[in-house]
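Be aware that the sequence shown starts at 1463, since it is given in my numbering, and climbs by one per residue.
All C-beta atoms, glycine included, are put in the ideal place defined by N, C-alpha and C.
In this text the structure is predicted, and so the values were computed from the model without any measurement.
For reference, the structure discussed in these notes is given below.
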Amino acid sequence: MTVLLALFALGAGHGINPAMGWLFAVARGLQQESRKAVWATLGPLALGHALAMVFAIGAAATIGLILPPAALRWVIAALLISLGVFRLIRSRHIAYGGMRVNPVELTVWSFLMASAHGAGLMILPLVEGGLTPIGHAHALARAALGVGVTSIEASGVTAALVHTAGYLLVTAIIAVIVYERVGVRFLRKAWVNLDLIWAGALIVTGVASILL
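Given below as structure tokens:
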């Protein structure tokens, strides 16, 4: 249960970042002058985010077939720290299309954005314990499915769903409030640089995954 709550909270944290999608939803709503456009954007955003989680967990599970648990933990930590440092140095966002995108393109954008920000990597320390093999045949089956093993809390599918639920809830709340009440002008004065905070969080998570 603790892992599930942590995954949900981390997803909620991702949802706060405008670069993760709510700003896109608001912009489409304003451009089309339609509340429906805001809501229609949320589904593809959540799907792309979930796919990034599943991809990261599946890749780690596959690597876990080759590396021992200690080595896998070091690999995950190194990737987190490296991406965090990279995001500190270069925080440019992905440019993919414009506001007039279809649901498939929007899903791809969300997948690429979540992957580029290391959202999938960030959850790996929480589920990494379920990515190590219990037996070669069982491990191959798990790798093919892209899920973890020992418990539902550690499964890749469950982790992605719980994490994405937190992301979608916060993204939807902020998008609706900004579209309906606040407007985007407040970003110029009242918003902090979440990219720097996120980069620092990646580095801290990488270090903590080794020390704890």
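With a 10 Å radius around the Cβ and a threshold of 16 neighbouring Cβ atoms, L1658 comes out exposed. A distance below 8 Å separates the beta carbons of V1537 and I1525. The C-beta separation of G1628 from A1471 comes to about 6 Å, placing the pair in contact by the 8 Å criterion. Two segments are said to touch when three or more pairs of C-beta atoms, one from each, lie closer than 8 Å; by this definition the region 1633-1647 touches the region 1486-1498. Taken through DSSP and simplified to helix, strand or coil, H1476 comes out as helix. In the structure shown, E1495 adopts coil according to DSSP, grouped into three states. In the three-state reduction of the DSSP assignment, L1542 falls in the helix class, which pools H, G and I.
DSSP, reduced to helix, strand and coil, places G1668 within a helical segment of the structure shown.
The residue from G1582, A1522, W1484 with its alpha-carbon nearest to that of L1545 is G1582. Each of S1577, P1480, A1502 was checked against the Cα of A1521, and the nearest Cα belongs to S1577. Counting only runs of 4+ residues, the alpha helix (DSSP H) found wholly inside the region 1480-1533 occupies 1484-1494, 1497-1526, in chain order. A residue is called buried once 16 or more other Cβ atoms fall within 10 Å of its Cβ, and A1518 is buried on that count. With 16 or more other Cβ atoms inside 10 Å of its own Cβ, R1535 counts as buried.
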